[in-house]
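Peer 1: I have a structure I would like to understand better, so I am pasting it below and will then ask my questions one at a time.
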Amino acid sequence: MESAIKTIVTTFLKSAGGKDNLSPKAFQKLVQKQFSGVMEDTDSSAAIMEMQKGLDENSDGKVSFQEYLTLIGYVANTMSQKHCEPKEAAS
Ligand SMILES: [Ca+2]
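In structure tokens:
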């Protein structure tokens, strides 16, 4: 569990290159590299741009750590739903 959280943090720090925010380019790279298995449209830069807009709560065009966590939460939520589907279908 700790190592998973560490991965989440270090992935952000590495991608941001020592800055507080991910640039649109850095965000795109991160999504393509890390989430191609769990998300659709990661090969579409337009789709990733839309995703970034949705996450960008303060509308500064960049993704802060907090906004990045929103994405992690979203992905985790998607995973848990996928995980639950077969059980629901069986009952
Ligand atoms: Ca932002």
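Be aware that the sequence shown starts at 24, since it is given in the numbering used here, and climbs by one per residue.
Where a beta carbon is used, it is the ideal one built from N, C-alpha and C, also for glycine.
Fair warning: this is a prediction, and the values are worked out from it, not measured in the lab.
Could you check the C-alpha separation between VAL134 and SER26 for me, to the nearest Å?
Peer 2: This structure does not reach residue 134, given that the chain is present from 24 up to 114, and the question cannot be answered.
Peer 1: Taking the alpha carbon of ASP79 as the point to measure from, which residue in THR93, ALA70, SER67 and SER68 has its own alpha carbon closest?
Peer 2: THR93
Peer 1: Among all the DSSP beta bridges, which residues are the ones paired with ASN44?
Peer 2: SER87
Peer 1: Do you know how far the Cα of THR34 is from the Cα of ALA49?
Peer 2: 11 Å
Peer 1: Any heavy atom of ligand 1 within a distance shorter than 7 Å of the CB on VAL54?
Peer 2: no
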